[in-house]
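Engineer: In this note's numbering, the protein residues as written are 1400 to 1865.
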Amino acid sequence: MTKPLRPIMLVRPPNAILNDESFWDELAAAGIREVALQWLCLLDDKGPDAGNIYPQPEDTHPRGFAAVGGEPVKRVPVAAYNPNPELYEGLDWSPPEMPPHMKPQQDELREALRLGVSKGFRLYTTDDKGYFLHGGFGTGRLNEDTARRTPSVTDHDGPSMTAARARDTFANYPEISGLLLDGPDFKWEIKPGHRDDMWVEPIDTPANREFAKANDLDFKNILDGRSRFREFLSSFTPDSARKFISEQHGALANHTWWSSHPDFSPWYAFKQQAVEWSVGTSYRGVKSHLPDVSVGSSSRLPFATTLTGHNPAKKQSYTDFQMPKEYWWSEGVAGFRGTVVNWVETLAEWNVGLDEDLASELFSAMFDYPMPADYPISSYSDEATDEWFSTSVRDQTGKMLRDSGDADRFIPWVGLEHFGSNWLTPSELDRLLGEMRNSGATRYCYFVYNSLRPEYWNVMRKHSAE
């Protein structure tokens, strides 16, 4: 008998959704007892031409519209509290101030969180990739000088900023008892022009060079390794592809293969050490001041962790739980049906003689990623087959759980779409949650309540029931 599978429900602005007591009662009736705020901010009215549209265009939940008066509005996200300047001494960063006239909205948010806790809910907030250049938990607008810096995983102030902001946030909102660290990730796509193309991400930054030098890594070898990996992916003939498939199955998903490769190991070592430093230092900084706060960290699907800089098995020592991403949508950003299509099509384009079938076999072998015959990549924009769930999804979910340590430390993200991609259908969500539940998972973080439609809510309730 499997256990119920219940979400941490992620909510994004307008956070006034939380002010309605029926929101909490609705979740409690479905067996849900955890809520996370994606952005702990307030929404300031600075006129019809300033800010972003709320609810966001894809956020069609009636509660979102009700929270802003029934129609979309333009608002500017601002800090949800005034910072304690002592916490930021010595940091090259100025935390945002809360406009004085936002005090009533702050009081309403505090009361809403108290209501949730009184009803038995546990609350989390999110640090969106720790860059602190485009926002972050408890953050509205950063100062102009900081906003012009190029994002770097190795920004020397990054983990200190995370710890300082965590201390400030939890002092102002003591009802919150958990922190979700989203990323950071190095890029993993190979399709030219893709926003996650690994060869165009800004890896050659002053912070990264400084980090490499401090860790005895030659930066030229790091950049050369990245270039040589593209050459490697462009070097296959049909015969060499078949030889790789038969002799090196799973190599690109294997951390040992990467760390011992004469061409790629400097690039691999840099990414792995950078992410471990960023996440590990952030974790220790938060826990040194807030030992009772539970801290989780995200990563991509198992087949991509060698590329993105994560080693989930090692992360067990510097996380309280892990949040790999069950992001399976297609034709969009960071959804892994789309990623598989991009890789297969690009491998076929770069290598004369590789058709889609052989390129699919090669990708499957490279990343130890099983691909069923009844669901070729040409169908990835269509409804997934049952066999795809019992092979591809089951394989990746099982590896996620294994690398997290145990079910109590495994809280994957589940999302249905991103930036205009195809949505998972209700049937696909049902089968995804079924695979997760059968694997032993008992919790996940759902992205995102604001866009939740009744047909998906019914699926979630089905799996959260006793």
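Where a beta carbon is used, it is the ideal one built from N, C-alpha and C, also for glycine.
Note that the structure is a prediction, hence the values are computed from the model and not measured.
Give me the Cα-Cα distance between M1835 and P1412, rounded to the nearest whole angstrom.
Structural biologist: Computed Cα separation, rounded: 28 Å.
Engineer: With a Cβ-Cβ cutoff of 9 Å, do W1423 and L1514 count as a contact?
Structural biologist: Yes, Cβ-Cβ distance for W1423 and L1514 is below 9 Å.
Engineer: Have a look at the DSSP bridge pairing and note the partners of E1433.
Structural biologist: Note: E1433 sits in a beta bridge opposite I1407, R1521.
Engineer: If you draw a straight line from the C-alpha of P1476 to the C-alpha of V1467, how long is it?
Structural biologist: Going by the C-alpha atoms only, they are around 14 Å apart.
Engineer: L1753 and P1591 - do their beta-carbons sit closer together than 9 Å?
Structural biologist: Their beta carbons are not under 9 Å apart, which means P1591 does not touch L1753 by this criterion.
Engineer: If you compare alpha carbons, which of P1853, F1464, R1641, S1681 is closest to K1473?
Structural biologist: Out of P1853, F1464, R1641, S1681, F1464 has the C-alpha closest to the C-alpha of K1473.
Engineer: Do you know whose CA, among D1802, D1829, W1656, S1698, lies nearest L1815's CA?
Structural biologist: Cα-wise, what sits closest to L1815 is D1829.
Engineer: Starting from G1833, follow the alpha helix (DSSP H) in both directions and report where the run begins and ends.
Structural biologist: Unbroken alpha helix (DSSP H) run through G1833: 1825-1838.
Engineer: Identify whether K1812 lies in helix, strand or coil by the three-state DSSP scheme.
Structural biologist: Note on identity: in this sequence residue 1812 is Trp, with Lys being the wrong assignment. Here W1812 sits in strand by DSSP.
Engineer: Over what stretch of residues does the alpha helix (DSSP H) that includes R1564 continue unbroken?
Structural biologist: Element bounds for R1564: 1557-1571.
Engineer: So what does K1756 bridge to, in DSSP terms?
Structural biologist: Checking the sequence shown, residue 1756 turns out to be Asp, not Lys. Beta-bridge pairing links D1756 to no other residue.
Engineer: Alpha helix (DSSP H) containing N1451: first to last residue?
Structural biologist: No alpha helix (DSSP H) holds N1451; the beta strand (DSSP E) holding it covers 1451-1453.
Engineer: Go ahead and label S1716 buried or exposed: buried means 16 or more other beta carbons lie within 10 angstroms of its beta carbon, across all protein chains shown.
Structural biologist: Exposed: under 16 other Cβ atoms inside 10 Å.
Engineer: For the beta strand (DSSP E) that contains I1644, what are its first and last residues?
Structural biologist: No beta strand (DSSP E) holds I1644; the alpha helix (DSSP H) holding it covers 1637-1646.
Engineer: Would you say H1648 lies against chain D (beta-carbon separation less than 9 Å)?
Structural biologist: As a matter of chain content, chain D is missing from the structure shown, which is built from one protein chain.
Engineer: V1552 lies in the alpha helix (DSSP H); which residues open and close that run?
Structural biologist: Premise fails: V1552 is in no alpha helix (DSSP H) and is neither H nor E.
Engineer: Could you tell me if V1599 is buried or exposed, where buried requires 16 or more neighbouring beta carbons within 10 angstroms of its beta carbon?
Structural biologist: Exposed.
Engineer: DSSP beta-bridge partners for R1627?
Structural biologist: According to DSSP, R1627 bridges with nothing at all.
Engineer: Within the same chain, show all residues whose beta-carbon is closer than 8 Å to that of Y1855, passing over the 5 residues directly before and after it, in chain order.
Structural biologist: Excluding residues within five positions, the ones whose Cβ falls inside 8 Å are L1815, P1825, L1828.
Engineer: For E1488, which of helix, strand or coil comes out of DSSP?
Structural biologist: Here E1488 sits in coil by DSSP.
Engineer: Can A1806 and L1689 be called in contact, C-beta distance under 9 Å?
Structural biologist: Taking 9 Å as the Cβ cut-off, A1806 and L1689 do not qualify as a contacting pair.
Engineer: Can you tell me the Cα-Cα spacing of D1506 and L1851, whole angstroms?
Structural biologist: Taking the straight line joining both Cα atoms gives about 27 Å.
Engineer: Output the distance between the C-alpha atoms of R1540 and L1417, rounded to the nearest integer angstrom.
Structural biologist: Here R1540 scores only 48 on pLDDT, less than 50, and its place in the model is too uncertain to base an answer on.
Engineer: Using beta-carbon positions only, say whether L1579 and V1685 come within less than 9 Å of one another.
Structural biologist: It is not a contact, given that the beta carbons lie outside the stated cut-off.
Engineer: R1808 and Q1721: beta carbons closer than 9 Å?
Structural biologist: Contact flag set, yes.
Engineer: Tell me, please, whether the region 1782-1798 touches the region 1624-1634 by the rule of three or more beta-carbon pairs shorter than 8 Å.
Structural biologist: Result no; under three Cβ-Cβ pairs closer than 8 Å.
Engineer: In the DSSP output, which residue or residues are listed as bridge partners for E1588?
Structural biologist: For E1588, which the question treats as bridged, DSSP gives the partners D1596.
Engineer: Indicate the three-state DSSP secondary structure (helix, strand or coil) for E1744 in the structure shown.
Structural biologist: Helix, per DSSP.
Engineer: Pull up the distance between the alpha-carbon of N1414 and that of E1485, whole angstroms please.
Structural biologist: Roughly 28 Å separates the two Cα atoms.
Engineer: Give the DSSP-derived three-state secondary structure of P1605 in the structure shown.
Structural biologist: Correct three-state label for P1605: helix.
Engineer: Do you know how far the Cα of T1707 is from the Cα of A1747?
Structural biologist: Their backbone Cα atoms lie some 23 Å apart in a straight line.
Engineer: Please confirm whether S1639 and W1749 have their CB atoms less than 9 Å apart.
Structural biologist: No, Cβ-Cβ distance for S1639 and W1749 is not below 9 Å.
Engineer: Rounded to the nearest angstrom, what separates F1766 and W1656 at their Cα positions?
Structural biologist: Their backbone Cα atoms lie some 12 Å apart in a straight line.
Engineer: Who are the Cβ neighbours of A1606 in its own chain at under 6 Å, not counting the five residues just before and after it?
Structural biologist: Only S1551, T1553, D1554 meet the Cβ criterion.
Engineer: Under a three-way DSSP split, which group does R1540 fall into?
Structural biologist: Per-residue confidence for R1540 stands at a pLDDT of 48, beneath the threshold of 50, marking its modelled position as unreliable; no derived number is given.
Engineer: Classify A1758: buried if its beta carbon has 16 or more other beta carbons within 10 angstroms, exposed otherwise.
Structural biologist: Buried.
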